[in-house]
Each structure stands twice: as structure tokens, then as C-alpha cells.
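Residue numbers (my numbering): 24 to 201.
The structure is reproduced here in C-alpha cells:
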């Protein structure tokens, strides 16, 4: 019996050794040959930098406490704006959904917020409010992210909000175009 156990143990160690060696040989030790003129390093070219400088990247987060992390956003007039909305909470969009809505000048934030509360089928963006809005994201829930791109409007002060029912009272801010 003891002899049989020793044979089994020896076989187990041999198999583990063979598997380990195969794993080590398969995972590394080889040098990659680079093609002449090819580099694995990321290079940026000047034209791409110019394009990036013409884009204002804005990231804003909303949470389960009905708060944006920014009450003011500043961008340059005439530049493209890439706005990313992150929902850093955990609740589903049916319970605690967030969006970002940038209103045109002169649009009453409270009136828009009240009107949007009944627009459930269009993610709380009223169908008849297209002239009231410069840009908006889709509605997202906890852990989700969405982005939009739009041209910055003429210089001035605009308002933004989350149009999910009842959120505009706390989730709002100034969008300042310089």
C-alpha cells in the first residue's frame, strides 16, 4: 500500500512539473522581432494634437444622492465639446436615472423640469422641447457612462440639469461659454 502511494505521489509531482514547464515555456522567454520602421510605442502626430486642442473634454458625474459633481462648466465658444456623463451610483435608471440636458438661453429651468417629468417614453426629454435644448445625453443608471459631442454655443451663460423627475431641484448648474 505504501509503495502504491509513493508511485501516485511521484506521478503527481511529475505531472505538475511538466505542466509548470510547459506553462513557463509558452508564456515567455522569446524576444519579439520588430519590423524595421515599426514601433510598438504610441506616437502622436501634430495634426492630431491640433484636433484635440479644438475639443473641450468635459466629464461630469452624478450619484445616488441626486448630485452632480460640478455646478459650473466652462468652455470656449466655437469649440467642439465632448461631454461624458458618469453615473457613479449603484441604482438602476428606472429608480435613479441621470442625464445631462443643456438648455438654450431664456428657457425656464423649473418649467422645463416640470414638463420633462411627464416624458417617460422619451427618457424625460419632452418631444416638443427640441428648441429648448442645445444638447442632451441619454438616460443612464448606476455604473453606466455616456458621451455626446456638440458645438459650444455663442458666449454667454446657460443652464444644465438632469431631467429625471424631481432631480432638477438639486442636479443643475451653469454652463459658461467664454
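We put the beta carbon where it would ideally sit given N, CA and C, even for glycine.
Under DSSP, residue 158 shares a beta bridge with 125.
Here residue 101 is exposed, its C-beta having fewer than 16 other C-beta atoms within 10 Å.
The Cβ neighbour count for residue 129, taken over all protein chains shown within 10 Å, is under 16; the residue is labelled exposed. Selection 159, 140, 94 and 115 evaluated against residue 190 yields 140 as nearest (Cα-Cα). Around the beta carbon of residue 154, a 10 Å sphere encloses fewer than 16 other beta carbons of the protein chains shown; the residue is thus reported as exposed.
In the three-state reduction of the DSSP assignment, residue 135 falls in the helix class.
For residue 83, DSSP records a beta bridge to 108. Distance from the CA atom of residue 98 to the CA atom of residue 138, rounded to whole angstroms, is 28 Å.
Here residue 134 is not near residue 197, since their CB atoms are 8 Å or more apart. Here the C-alpha atom of residue 90 lies approximately 24 Å from the C-alpha atom of residue 144.
Annotated three-state conformation of residue 141 is coil, per DSSP.
Between residue 147 and residue 188, the alpha-carbon positions lie close to 8 Å from each other. Annotated three-state conformation of residue 96 is strand, per DSSP.
When only Cα atoms are considered, residue 125 and residue 195 end up about 10 Å apart. Distance check between residue 184 and each of 199, 175 and 122 places 122 closest, using alpha-carbon atoms only. The Cβ-Cβ distance between residue 199 and residue 96 falls below 8 Å. Taking a contact as a CB-CB distance under 8 Å, the pair residue 120 and residue 163 counts as one, their CB atoms being some 7 Å apart. For residue 118, the enclosing alpha helix (DSSP H) begins and ends at 116-119.
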